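K.L.:
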Amino acid sequence: MRDAAIIAVLDACGLRRAELTGLQYADYDRARRMLTVTGKGDKQRRIPVNSFAARRVEAWLARRGTHRGPLFPRLARGGTVRTAPDGRPWQMNPQAVRDILTKRAEQAATTAVRPHDLRRTFISNLLPQADAIMTARLAGHASPSTTLRYDVRPDEEARDAVERLRVPAIAPLLPDTPADRRPPTAP
Numbered sequence: 000m001r002d003a004a005i006i007a008v009l010d011a012c013g014l015r016r017a018e019l020t021g022l023q024y025a026d027y028d029r030a031r032r033m034l035t036v037t038g039k040g041d042k043q044r045r046i047p048v049n050s051f052a053a054r055r056v057e058a059w060l061a062r063r064g065t066h067r068g069p070l071f072p073r074l075a076r077g078g079t080v081r082t083a084p085d086g087r088p089w090q091m092n093p094q095a096v097r098d099i100l101t102k103r104a105e106q107a108a109t110t111a112v113r114p115h116d117l118r119r120t121f122i123s124n125l126l127p128q129a130d131a132i133m134t135a136r137l138a139g140h141a142s143p144s145t146t147l148r149y150d151v152r153p154d155e156e157a158r159d160a161v162e163r164l165r166v167p168a169i170a171p172l173l174p175d176t177p178a179d180r181r182p183p184t185a186p
């Protein structure tokens, strides 16, 4: 359940590995389905969690409990939360996120998936839905130009977007092709 919630949050929120492992239980607003994420430079941002990921997080929390500590703590082999001698849950390290994705991709007999692949996918999927400024804010980028470098949509999608543009129904000033030329009208 924890791994399913981790993968869903990475996919639905585009978090960096360190951002995910740094999440605390208190960072998830269950009522509003929002995460407060601390990113690079200790900058905080709030990210909405879609219903798909929220269901996975809620299933994980039903098992994890509502105690303080990491939202996604380290687990022992039996799936129980690993705790420090003082009883607090241990935080995962960022490498563990990559290991989880590697393990789950192998189990699913699919190609390897890296955490940054999910971040790139999140940004590419969000750009058609939101402008570059909103996407940059949600991704934790200081500049939309950084965000646009993550755009991995295929050329066909750009072509489809251009085809959907509204073209005004105005006769051209100069005919470009024989099809554009109109036969002369009688006076």
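Every letter in the sequence shown is one number past the one before it in numbering that gives the first Met the number 0, and letter 94, counting from 1, is 93. For each residue, glycine too, the CB sits at the ideal point set by N, CA and C. On a predicted model such as this, the values are computed, not experimentally measured, just so you know.
#1: Identify whether aspartate 28 lies in helix, strand or coil by the three-state DSSP scheme.
#2: With the cut-off set at 8 Å, would you say threonine 37 and asparagine 92 are in Cβ contact?
#3: Locate the alpha helix (DSSP H) running through arginine 63, then write down its first and last residues.
#4: Which whole-angstrom value is the C-beta distance of leucine 117 and aspartate 10, which I expect to be below 8 Å?
#5: Inspect the beta-carbon positions of proline 69 and glutamine 23 and report whether they are closer than 8 Å.
#6: Are the CB atoms of phenylalanine 71 and alanine 4 nearer to each other than 8 Å?
#7: Got a sec: does the ligand MN put a non-hydrogen atom nearer than 7 Å to the Cβ of alanine 157?
#8: Determine whether the beta carbon atoms of leucine 60 and arginine 45 lie at a separation below 8 Å.
#9: In terms of residue numbering, what span does the beta strand (DSSP E) encompassing leucine 187 cover?
#10: Where does tryptophan 9 fall in DSSP's three states?
#11: Run through the DSSP bridge pairs and tell me what glutamine 90 is partnered with.
#12: Whole angstroms are fine: how far does the CA of valine 166 sit from the CA of alanine 111?
#13: Distance check for phenylalanine 51 and arginine 31, CA to CA, integer angstroms please.
#14: DSSP state of threonine 109, grouped into three classes?
#15: Determine the closest residue to arginine 1 out of Pro47, Phe121, Glu57, Asp26, with distance taken between C-alpha atoms.
#16: Could you check what DSSP says for proline 188 in three-state terms: helix, strand or coil?
P.N.:
From the atom records:
#1: If DSSP states are grouped into helix, strand and coil, aspartate 28 belongs with the strands.
#2: No, the Cβ-Cβ distance between threonine 37 and asparagine 92 is not below 8 Å.
#3: For arginine 63, the enclosing alpha helix (DSSP H) begins and ends at 50 to 63.
#4: Their Cβ separation, rounded to whole angstroms, is 5 Å, which keeps leucine 117 and aspartate 10 in contact under 8 Å.
#5: Yes, they are a contact pair.
#6: The answer is yes: Cβ separation under 8 Å.
#7: The model depicted lacks the ligand MN and carries no ligand whatsoever.
#8: Not closer than 8 Å, so no.
#9: Only positions 0 to 186 of the chain appear in this structure, which leaves residue 187 out of reach.
#10: Per the sequence shown, residue 9 should be read as leucine rather than tryptophan. Leucine 9: helix per DSSP, three-state reduction.
#11: Paired residues: Pro72.
#12: If I take the Cα positions, the gap works out to 43 Å.
#13: About 14 Å.
#14: In the structure shown, threonine 109 sits in coil (DSSP, three-state: anything other than H, G, I, E or B).
#15: Comparing Cα-Cα distances from arginine 1 to each of Pro47, Phe121, Glu57, Asp26, the minimum goes to Glu57.
#16: Nothing can be reported for residue 188: it is not among the residues displayed for the chain, which extend from 0 to 186.
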